[in-house]
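Student: In our numbering, the protein residues as written are 423 to 905. Glycine residues also receive a C-beta, built at the ideal position from the N, C-alpha and C atoms. The model shown is predicted, which means the values in this text are computed figures rather than measured ones.
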Amino acid sequence: MHQLTLAEIARGLADKKFSSEELTKVLLARIAQLDPQLNSFISLTEDLALTQAKAADARRANGESGALLGAPIAHKDLFCTQGIRTSCGSKMLDNFKAPYDATVVAKLAAAGAVTLGKTNMDEFAMGSANESSYYGAVKNPWNLEYVPGGSSGGSAAAVAARLLPAATGTDTGGSIRQPAALTNLTGLKPTYGRVSRWGMIAYASSLDQGGPLARTAEDCAILLQGMAGFDPNDSTSIDEPVPDYSASLNGSLQGLRIGVPKEYFSAGLDPRIAELIHNSVKELEKLGAVIKEISLPNMQHAIPAYYVIAPAEASSNLSRFDGVRFGYRCENPVNLIDLYKRSRGEGFGPEVQRRIMVGAYALSAGYYDAYYLKAQKIRRLIKNDFMAAFNEVDIILGPTTPNPAWKLGAKNSDPVAAYLEDVYTITANLAGLPGLSMPAGFVDGLPVGVQLLAPYFQEGRLLNVAHQYQLNTDWHTRTPTGF
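What follows is the structure in structure tokens.
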């Protein structure tokens, strides 16, 4: 049962081959048995899951149907869940139980999805390896000595290890797509504003976006269908009709124009990954796509721009965690300043502190124009590059990451080396574009992903291309040994 995809589970439940309660019990037992190796969950919600599963079975018995009705999933632990710990992977929120459900959680629950638990993540979604969590590093199921990618590494590791069929994640600079690539999954970052951010604890408000992680494009389409839509509670939510993503999966790729940026194939890209990307291009050509070389000239400035803008927004967003209203509070503060200093110093980990300090510096009176304002101008140039490219092509294709997964701890002493792993993903966040990573092969036994980018609100096109590619390749069907 644990090998079934979300789509197969939907068909099995509809055909009464098994019940949601039976499936939920199997997966909860599997998590209890195998997750100690992976550390992919922060909280398990067995009682809630069984209650939701029984309710889903009752709804089906009464004639209801739906792809998510009775389907087990998990949420990245920055989506607020009423009465359940929402920690953001941080000591700061270790004792925080949200008084409400995030819109994404509420929408998926209304669709009948069964919540198995909350998945581990880099603290406040800051990281590319899932090593900055207060609850310890997550292990990659393909090799337990390697990272699964971050910050949605818990969701990715759990799905890759077949502990559950799909999970939610968030993507601020690649945090869905990068772990998807490093664990052999399909991961989708929707257009900014497509999925509500209400109840999603913020890292960088102009960049964060929730999305699905699953084994196939078909499953991502199902989960995105349940997540997407306008939310009046979220001022950044866009009132745009949500298409039927599953209906667009089987469209022909004949004549589809795919752009391959020449800047992607620089000295920083592992040549073995470059070869796998070229193989993916050939596969799509066989399906009728037309390939064209394009240029994204300002891509070289993306990393410095992102690592000014994101920490600046983080320093503002995380100022609310002060030891006063909720979250961690230091013991026996001597005065208000001591309360602030020690609560934040003890509650936040090193990576979060680093980014808060960088952000506060960039926003300070003497440096705002030199750093933050200049980074925002570069952001506009990057967006303009994409708009020009999409006048020539329908989809942009390239690597998701410059390297395969690295060993746990290998980049802890050099944060910049970890930041450089985001070089291909952060541009989509800066421009607000949808992006998808899909399995494309293996390097030294570790998975590699190919990334697709599309114009605004063209998630259906990304899913269509990925689904057609997966019908003609088998990378996405590979399972890590032991799971």
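1. Which residues in the same chain as residue 691 place their Cβ atom closer than 7 Å to its Cβ, once the five residues preceding and following it in sequence are excluded?
2. What span of residues does the alpha helix (DSSP H) with residue 920 cover, start to end?
3. Note down, in chain order, each residue of its chain lying with its Cβ closer than 7 Å to the Cβ of residue 801, except the 5 sequence neighbours on either side.
4. Alpha carbon to alpha carbon, what distance is there between residue 442 and residue 796?
5. Report the partner residues of residue 482 according to the DSSP bridge assignment.
6. Is DSSP giving residue 539 helix, strand or coil here?
7. Please give me, in chain order, every unbroken run of the beta strand (DSSP E) with length at least 3 that falls completely inside the region 532-588.
8. Reducing DSSP to helix, strand and coil, say where residue 772 ends up.
9. Which whole-angstrom value is the C-beta distance of residue 890 and residue 675, which I expect to be below 8 Å?
10. Which residue wins for smallest C-alpha separation from residue 552, given the options 586, 604 and 527?
11. Decide if the region 840-850 is in contact with the region 549-563; the criterion is three or more beta carbon pairs, one per stretch, under 8 Å apart.
12. Leaving out the 5 sequence neighbours to the left and right, which residues in its chain are closer than 7 Å to residue 574 when beta-carbon positions are compared?
13. Considering only the alpha carbon of each residue, which of 814, 804, 631 and 743 lies closest to residue 509?
14. Which residue marks the beginning of the alpha helix (DSSP H) containing residue 888, and which one marks its end?
15. Would residue 846 and residue 613 qualify as a contact pair, given that the criterion is a beta-carbon distance under 8 Å?
16. Please determine whether the Cβ atom of residue 861 lies at a distance below 7 Å from any heavy atom of the ligand HEM.
17. Residue 681 bridges to which residues according to DSSP?
18. Can you name the start and end residues of the beta strand (DSSP E) that residue 873 belongs to?
19. Exposed or buried, residue 697, counting other C-beta atoms within 10 Å across all chains shown (16 or more means buried)?
20. Taking the alpha-carbon of residue 448 as reference, which of 872, 585 and 770 has the nearest alpha-carbon?
21. Assuming residue 902 and residue 582 form a contact by the criterion Cβ under 8 Å, report the distance between their Cβ atoms to the nearest whole angstrom.
22. Tell me where the alpha helix (DSSP H) around residue 837 begins and ends.
23. Would you check if the distance between the CB atom of residue 738 and the CB atom of residue 576 is smaller than 8 Å?
24. Report, in whole angstroms, the separation of the C-beta atoms of residue 607 and residue 894, which I expect to be a contact under 8 Å.
25. Contact between the region 748-768 and the region 624-642 is defined here as three or more beta-carbon pairs at a separation below 8 Å; is this criterion met?
26. Taking the alpha-carbon positions, what's the residue 804 to residue 724 distance?
27. What span of residues does the beta strand (DSSP E) with residue 804 cover, start to end?
28. Note down the Cα distance separating residue 875 from residue 619, rounded to an integer number of angstroms.
29. Suppose the cutoff is 8 Å on Cβ atoms and the five residues either side in sequence are ignored; what does the same chain contact list for residue 772 look like?
30. List the endpoints of the continuous alpha helix (DSSP H) containing residue 865.
31. Out of 650, 657 and 833, state which residue places its alpha-carbon closest to the alpha-carbon of residue 880.
32. Excluding the 5 residues preceding and the 5 following residue 492 in the sequence, name in chain order all residues of the same chain whose CB lies nearer than 7 Å to its CB.
33. Could you give the distance in angstroms between the alpha-carbon of residue 672 and the alpha-carbon of residue 643?
34. For the putative contact between residue 615 and residue 659, defined by C-beta atoms under 8 Å, what is the C-beta separation to the nearest angstrom?
35. Enumerate in chain order the residues of its own chain whose CB-to-CB distance from residue 695 is below 8 Å, with the five nearest sequence positions on each side excluded.
36. If contacts are defined as beta-carbon pairs under 8 Å, then residue 579 and residue 560 qualify, I think. What distance do you get, rounded to the angstrom?
Tutor: With the structure as the only source:
1. As a first step, residue 691 must be located in the sequence shown, where it is residue number 269. Apart from sequence neighbours up to five positions away, the residues of its chain that approach residue 691 with a beta-carbon distance below 7 Å are 821 and 824, ordered along the chain.
2. An answer regarding residue 920 cannot be provided, because it is not within the stretch 423 to 905 covered by the chain.
3. In the sequence shown, the residue the question calls residue 801 occupies position 379. Excluding five sequence positions before and after residue 801, the CB atoms of its chain that fall closer than 7 Å to its own CB belong to 727, 731 and 852, given in chain order.
4. Counting from 1 along the sequence shown, the entry for residue 796 is found at position 374. Counting from 1 along the sequence shown, the entry for residue 442 is found at position 20. Those two C-alpha atoms are separated by around 52 Å.
5. As a first step, residue 482 is located in the sequence shown; it is residue number 60 there, counting from the start. When beta bridges are read from the DSSP output, residue 482 appears opposite no residue.
6. Taking the first residue of the sequence shown as position 1, residue 539 is located at position 117. Residue 539 falls in the strand class under three-state DSSP.
7. Counting only runs that start and end inside the region 532-588, the beta strand (DSSP E) elements of at least 3 residues fall at 536-541.
8. In the sequence shown, counting from the first residue as 1, residue 772 sits at position 350. Helix.
9. Taking the first residue of the sequence shown as position 1, residue 890 is located at position 468. Taking the first residue of the sequence shown as position 1, residue 675 is located at position 253. Yes, residue 890 and residue 675 are in contact; Cβ-Cβ is about 5 Å, under 8 Å.
10. Numbered from its first residue, the sequence shown carries residue 552 at position 130. Among 586, 604 and 527, the Cα nearest to that of residue 552 belongs to 604.
11. Touching, yes, given that three or more Cβ pairs across the two stretches are closer than 8 Å.
12. Counting from one through the sequence shown, the residue named residue 574 turns up at place 152. Only 498, 543, 591, 592, 597, 598, 601 and 635 meet the Cβ criterion.
13. Sequence index remark: in the sequence shown, residue 509 carries index 87 (1-based). Per the Cα distances, 743.
14. One-based indexing of the sequence shown puts residue 888 at position 466. Per DSSP, residue 888 belongs to the alpha helix (DSSP H) from 881-893.
15. For the purposes of this step, residue 846 is taken as residue 424 along the sequence shown, with counting starting at 1. For the purposes of this step, residue 613 is taken as residue 191 along the sequence shown, with counting starting at 1. Residue 613 sits away from residue 846, with the two beta carbons spaced by 8 Å or more.
16. The model depicted lacks the ligand HEM and carries no ligand whatsoever.
17. For the purposes of this step, residue 681 is identified with residue 259 of the sequence shown, where counting begins at 1. Beta-bridge pairing by DSSP links residue 681 to 714 and 818.
18. The sequence position of residue 873 within the sequence shown is 451, counting from 1. Start and end: 868-875.
19. As a working mapping, residue 697 is identified with position 275 in the sequence shown. Under this definition residue 697 is an exposed residue.
20. Taking the sequence shown and counting its residues from 1, the one referred to as residue 448 is at position 26. Considering only alpha carbons, the answer is 585.
21. Here residue 902 corresponds to residue number 480 of the sequence shown, with the count starting at 1. Here residue 582 corresponds to residue number 160 of the sequence shown, with the count starting at 1. Contact check for residue 902 and residue 582: beta-carbon distance about 6 Å, within the 8 Å limit, so the pair qualifies.
22. The count along the sequence shown starts at 1 and reaches residue 837 at position 415. Under the DSSP assignment, residue 837 falls in the alpha helix (DSSP H) whose first and last residues are 837-841.
23. Against the sequence shown, residue 738 aligns to sequence position 316. Against the sequence shown, residue 576 aligns to sequence position 154. Not a contact, by the Cβ cut-off of 8 Å.
24. In the sequence shown, counting from the first residue as 1, residue 607 sits at position 185. In the sequence shown, counting from the first residue as 1, residue 894 sits at position 472. Rounded to the nearest angstrom, the Cβ distance from residue 607 to residue 894 is 18 Å, too far for a contact under 8 Å.
25. The answer is no - the region 624-642 does not touch the region 748-768, with fewer than three Cβ pairs under 8 Å.
26. As a working mapping, residue 804 is identified with position 382 in the sequence shown. As a working mapping, residue 724 is identified with position 302 in the sequence shown. Cα atoms of residue 804 and residue 724: separation of roughly 8 Å, rounded to the nearest angstrom.
27. Indexing the sequence shown from 1 puts residue 804 at position 382. Looking at the DSSP string, residue 804 is not in any beta strand (DSSP E); the run it does join, the alpha helix (DSSP H), is 796-811.
28. Taking the sequence shown and counting its residues from 1, the one referred to as residue 875 is at position 453. Taking the sequence shown and counting its residues from 1, the one referred to as residue 619 is at position 197. Going by the C-alpha atoms only, they are around 21 Å apart.
29. Numbered from its first residue, the sequence shown carries residue 772 at position 350. The answer, listed in chain order, is 554.
30. Within the sequence shown, residue 865 is the residue found at index 443, counting from 1. Looking at the DSSP string, residue 865 is not in any alpha helix (DSSP H); the run it does join, the beta strand (DSSP E), is 857-865.
31. Taking the sequence shown and counting its residues from 1, one reaches residue 880 at position 458. Nearest C-alpha to residue 880: 650.
32. Taking the sequence shown and counting its residues from 1, the one referred to as residue 492 is at position 70. Spatial neighbours of residue 492 in its own chain (CB-CB distance under 7 Å, excluding positions within 5 residues in sequence) are listed in chain order as 435, 442, 475, 478, 479, 482, 534 and 536.
33. Taking the sequence shown and counting its residues from 1, one reaches residue 672 at position 250. Taking the sequence shown and counting its residues from 1, one reaches residue 643 at position 221. Distance between the alpha carbons of residue 672 and residue 643: 12 Å.
34. As a first step, residue 615 must be located in the sequence shown, where it is residue number 193. As a first step, residue 659 must be located in the sequence shown, where it is residue number 237. Confirmed, Cβ separation roughly 6 Å.
35. Translated into positions along the sequence shown, residue 695 becomes position 273. Excluding five sequence positions before and after residue 695, the CB atoms of its chain that fall closer than 8 Å to its own CB belong to 821, 823, 824, 825, 826, 865 and 870, given in chain order.
36. Mapped onto the sequence shown, residue 579 falls at position 157. Mapped onto the sequence shown, residue 560 falls at position 138. For residue 579 against residue 560, the beta-carbon gap comes to about 5 Å, under 8 Å, which counts as contact.
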